[in-house]
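In the numbering used here, the protein residues as written are 7 to 504.
We treat Cβ as the ideally placed atom computed from N, Cα and C, and that holds for glycine.
Here's the structure, in structure tokens; my notes come after.
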């Protein structure tokens with residue numbers, strides 16, 4: 007039942023109004039301002055019906071003086087003021103204070119009752135709206151929690167492909183927060199030009215209410231990396247209305263594809279290892295025998311007076327080819343059956359400087375320049391120094407080959423730290439990559455006439471044996487950057503806290 011506060015110092019009138027309002031609620035009557043103030047502090051009311059002029063033991067008071075107190079303790083209540091001395095100023099002040107009605111005395115009892123009923127209805131509606139608002143807020147919070155709890159990337163797009171929904175998984179996968187992503191064009195934010203056609207087609211089809219199958223595109227992250235995401239697009243059309251939004255839900259399959267590739271590579275390497283074991287002995291014996299016979303032939307040629315130089319040149323050519331074949335076999339064996347790492351504390355600065363010292367003559371003789379950068383904050387890595395140098399040597403050889411055709415360019419070697427990761431970097435300003443990364447690091451893939459296609463796979467294998475990651479990226483301004491990223495770990499193999 008509604009609670010009604012009646013404040014009236016005319017006892018007869020107070021009794022009549024009490025009986026009248028008792029039909030629609032529980033009435034508490036007060037005859038002075040002090041009693042009314044005490045009642046307001048002690049309980050909540052739905053309607054306060056007060057005479058403007060009130061008696062008080064402390065000082066002259068009016069109903070307007072009680073309004074702030076009523077608002078504080080009964081914020082949902084409606085207030086009706088009564089006055090036998092109505093003035094324009096008091097009426098304006100009542101309006102300014104937001105009272106429900108200002109009733110001059112004498113008044114029609116039926117009119118007052120109807121006014122009180124309307125005021126209580128207003129209170130009930132206001133409370134219902136508040137309750138509905140709370141329930142709506144709880145529902146939205148629940149939906150947001152579910153929206154953010156799923157592992158899938160969920161992105162809502164309007165007709166202009168601008169982002170209107172962006173869940174926590176999307177933020178985690180891309181690095182862009184909800185605030186940063188909202189109202190951005192999804193294609194501009196996430197996709198290279200080569201990936202937009204498929205994405206646009208799927209979104210447009212969904213916006214027309216047509217179903218779309220799953221599709222994969224590469225998305226760009228804030229960190230400059232690319233992730234492979236498998237998407238589905240669905241129209242969001244409540245109550246069968248035309249779609250107002252297209253929701254694309256995606257699963258990041260980058261790690262899964264990487265694991266599948268690594269499993270396939272491991273299977274291929276295992277098969278290669280078995281083949282190598284079977285053939286290595288048969289190949290090395292003829293090579294060694296040929297080398298021995300070449301040495302005998304070279305010594306015999308030195309004793310001849312005529313034709314010795316011609317024979318010597320042929321011997322050197324054959325010897326070079328045998329050496330290249332032996333080197334190929336070493337690479338093949340190293341890739342197929344890499345030895346265990348000999349781990350110790352290694353300064354990455356020493357690795358870079360050692361490779362630079364060995365390769366500088368070759369680089370400069372090719373008309374190229376070499377730059378070395380050692381970053382701040384490096385710490386010793388628990389690694390196999392020889393293997394890391396081998397990996398970098400392969401990368402430097404590739405960089406030399408990429409630049410040698412034009413006879414100019416710069417190769418940069420670096421050792422840098424980025425939080426919990428340290429990296430060795432080989433960078434060139436050559437023509438750059440002309441194949442996808444997964445193809446470039448595949449065994450026997452090469453664009454060089456004399457290349458074996460085993461250098462990059464070998465470097466990748468060594469990096470992964472260290473628990474690291476080999477990344478190839480186009481360099482700003484042209485060229486290629488190859489990064490051997492190694493976790494910072496201690497001598498017990500425990501990752502250092504970041």
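Worksheet item: What are the residues that DSSP puts in a beta bridge with residue 387?
Response: Walking along the chain shown from the start, residue 387 turns up at place 381. Its beta-bridge partners are 352.
Worksheet item: What residues in its chain sit with their C-beta under 8 Å from that of residue 402, if we drop five residues either side in the sequence?
Response: Position 396 of the chain shown, counting from 1, holds the residue named residue 402. Hits under 8 Å: 361, 365, 369, 417, 419 and 432.
Worksheet item: Mind checking whether residue 168 and residue 154 have CB atoms under 8 Å apart?
Response: Counting from 1 along the chain shown, the entry for residue 168 is found at position 162. Counting from 1 along the chain shown, the entry for residue 154 is found at position 148. It is not a contact, given that the beta carbons lie outside the stated cut-off.
Worksheet entry | Residue from 429, 437 and 383 whose Cα sits closest to the Cα of residue 406 | On the chain shown, position 400 is the one that residue 406 refers to. Minimum Cα distance to residue 406 is reached at 437.
Item to complete: Specify the secondary structure class of residue 153 as computed by DSSP and reduced to three states.
Response: On the chain shown, residue 153 is found 147 positions in, with the first residue counted as 1. It is helical.
Discussion item. For residue 235 and residue 259, which I take to be in contact (beta-carbon distance under 8 Å), what is that distance rounded to the nearest angstrom?
Written reply: Translated into positions along the chain shown, residue 235 becomes position 229. Translated into positions along the chain shown, residue 259 becomes position 253. 7 Å between Cβ atoms; contact.
Worksheet entry | Inter-residue Cα distance where the pair is residue 128 and residue 52 | Counting from 1 along the chain shown, the entry for residue 128 is found at position 122. Counting from 1 along the chain shown, the entry for residue 52 is found at position 46. Roughly 10 Å separates the two Cα atoms.
Worksheet item: With a cut-off of 8 Å, do at least 3 Cβ pairs link the segment 154-165 to the segment 175-188?
Response: yes
Worksheet entry | Own chain residues within Cβ distance below 7 Å of residue 45, not counting five before or after | One-based indexing of the chain shown puts residue 45 at position 39. These residues qualify, in order along the chain: 11, 34 and 36.
Worksheet item: How many angstroms separate the CA atom of residue 295 from the CA atom of residue 230?
Response: Indexing the chain shown from 1 puts residue 295 at position 289. Indexing the chain shown from 1 puts residue 230 at position 224. For residue 295 and residue 230, the distance between alpha carbons rounds to 53 Å.
Worksheet item: What did DSSP end up calling residue 232 once you bin it into helix, strand or coil?
Response: Locating residue 232 in the chain shown gives position 226, counting from the first residue. Correct three-state label for residue 232: strand.
Item to complete: Starting from the Cα of residue 84, find the closest Cα among 373, 125 and 488 and give me that residue.
Response: Against the chain shown, residue 84 aligns to sequence position 78. It is 125 whose Cα lies nearest to the Cα of residue 84.
Discussion item. Since residue 115 and residue 26 should fall inside the 8 Å C-beta cutoff, what is the C-beta to C-beta distance between them, to a whole number of angstroms?
Written reply: Your numbering for residue 115 matches position 109 in the chain shown. Your numbering for residue 26 matches position 20 in the chain shown. Contact flag correct, Cβ pair sits at about 5 Å.
Item to complete: For residue 491, name the three-state secondary structure that DSSP assigns.
Response: Counted from its first residue, the chain shown places residue 491 at position 485. Note: residue 491 maps to strand in three-state DSSP.
Discussion item. Does the contact criterion of 3 or more C-beta pairs under 8 Å hold for the segment 69-85 versus the segment 93-107?
Written reply: yes
Worksheet item: Which runs of the beta strand (DSSP E) fall wholly inside the segment 75-161 and span at least 3 residues, in chain order?
Response: 84-89 and 107-110
Worksheet item: Can you tell me whether DSSP reads residue 370 as helix, strand or coil?
Response: Along the chain shown, read from residue 1 onward, the residue named residue 370 stands at position 364. Helix, per DSSP.
Discussion item. Please classify residue 207 as buried or exposed, where buried requires at least 16 other C-beta atoms within 10 Å of its C-beta.
Written reply: Here residue 207 refers to the residue found at position 201 of the chain shown. By the neighbour-count rule (16 or more Cβ atoms within 10 Å), residue 207 is not buried but exposed.
Practice prompt. Please work out which residues of its chain come closer than 6 Å, Cβ to Cβ, to residue 243, disregarding the five sequence neighbours upstream and downstream, and give them in chain order.
Written response: As a first step, residue 243 is located in the chain shown; it is residue number 237 there, counting from the start. Result list for residue 243: 249, in chain order.
Worksheet entry | Nearest-angstrom Cβ-Cβ length linking residue 55 and residue 122, presumed shorter than 8 Å | Along the chain shown, read from residue 1 onward, the residue named residue 55 stands at position 49. Along the chain shown, read from residue 1 onward, the residue named residue 122 stands at position 116. That belief holds up - the Cβ atoms of residue 55 and residue 122 are roughly 7 Å apart, short of 8 Å.
Discussion item. I'd like to know whether the C-beta atoms of residue 430 and residue 376 end up nearer to each other than 8 Å.
Written reply: For the purposes of this step, residue 430 is identified with residue 424 of the chain shown, where counting begins at 1. For the purposes of this step, residue 376 is identified with residue 370 of the chain shown, where counting begins at 1. No, these two residues do not count as a Cβ contact at 8 Å.
Worksheet item: Which term fits residue 143, buried or exposed, when burial requires 16 or more other beta carbons within 10 angstroms of its beta carbon?
Response: Here residue 143 refers to the residue found at position 137 when the chain shown is read from its first residue. Exposed.
Worksheet entry | Environment of residue 302 [buried if 16+ CB atoms lie within 10 Å] | The residue given as residue 302 occupies position 296 in the chain shown. Residue 302 comes out exposed.
Worksheet item: When DSSP labels each residue in this structure, what does residue 375 get in the three-state scheme?
Response: Mapped onto the chain shown, residue 375 falls at position 369. In the structure shown, residue 375 sits in a strand (DSSP, three-state: E or B).
Item to complete: Would you check if the segment 380-389 and the segment 463-471 touch, i.e. whether three or more CB-CB distances between them fall below 8 Å?
Response: no
Worksheet entry | Nearest-angstrom Cα separation, counted from residue 181 out to residue 1 | Nothing about residue 1 can be read from this structure; the chain reaches only from 7 to 504.
Worksheet item: Does the beta-carbon distance from residue 255 to residue 237 come in below 8 Å?
Response: As a first step, residue 255 is located in the chain shown; it is residue number 249 there, counting from the start. As a first step, residue 237 is located in the chain shown; it is residue number 231 there, counting from the start. Cβ atoms of residue 255 and residue 237: closer than 8 Å.
Worksheet item: In whole angstroms, what separates the C-alpha of residue 253 from that of residue 355?
Response: Within the chain shown, numbered from 1, the residue matching residue 253 stands at position 247. Within the chain shown, numbered from 1, the residue matching residue 355 stands at position 349. Answer to the nearest angstrom: the Cα atoms are 49 Å apart.
Worksheet item: Thinking C-alpha only, which one of 325, 396 and 146 is nearest residue 505?
Response: With the chain represented from 7 up to 504, any question about residue 505 goes unanswered, as that position is not in the structure.
Discussion item. For residue 118 and residue 141, what's the separation of their Cα atoms in angstroms?
Written reply: Mapped onto the chain shown, residue 118 falls at position 112. Mapped onto the chain shown, residue 141 falls at position 135. Roughly 35 Å separates the two Cα atoms.
Worksheet item: Is residue 93 buried or exposed, if buried means 16 or more other CB atoms sit within 10 Å of its CB?
Response: Within the chain shown, residue 93 is the residue found at index 87, counting from 1. With fewer than 16 Cβ atoms within 10 Å of its Cβ, residue 93 is classed as exposed.
Worksheet entry | Residue nearest to residue 47 in terms of C-alpha spacing, selected from 79, 22 and 31 | In the chain shown, counting from the first residue as 1, residue 47 sits at position 41. Looking at the Cα atoms, 79 is the closest of the given residues.
Fill in: Inter-residue Cα distance where the pair is residue 367 and residue 473
Numbered from 1 along the chain shown, position 361 holds the residue referred to as residue 367. Numbered from 1 along the chain shown, position 467 holds the residue referred to as residue 473. Going by the C-alpha atoms only, they are around 32 Å apart.
Fill in: Beta-carbon gap between residue 77 and residue 68 smaller than 8 Å
In the chain shown, the residue the question calls residue 77 occupies position 71. In the chain shown, the residue the question calls residue 68 occupies position 62. Cβ distance not < 8 Å, so residue 77 and residue 68 don't count as in contact.
Worksheet item: Leaving out five residues before and five after residue 390 in sequence, what residues of the same chain have Cβ atoms less than 7 Å from its Cβ?
Response: To locate residue 390, count along the chain shown from 1; it is residue 384. Cβ neighbours of residue 390 beyond the five flanking positions: 347, 348 and 349.
Fill in: Assigned secondary structure, residue 33 (DSSP; H/G/I helix, E/B strand, else coil)
Your numbering for residue 33 matches position 27 in the chain shown. The answer is strand: DSSP assigns residue 33 an E or B state.
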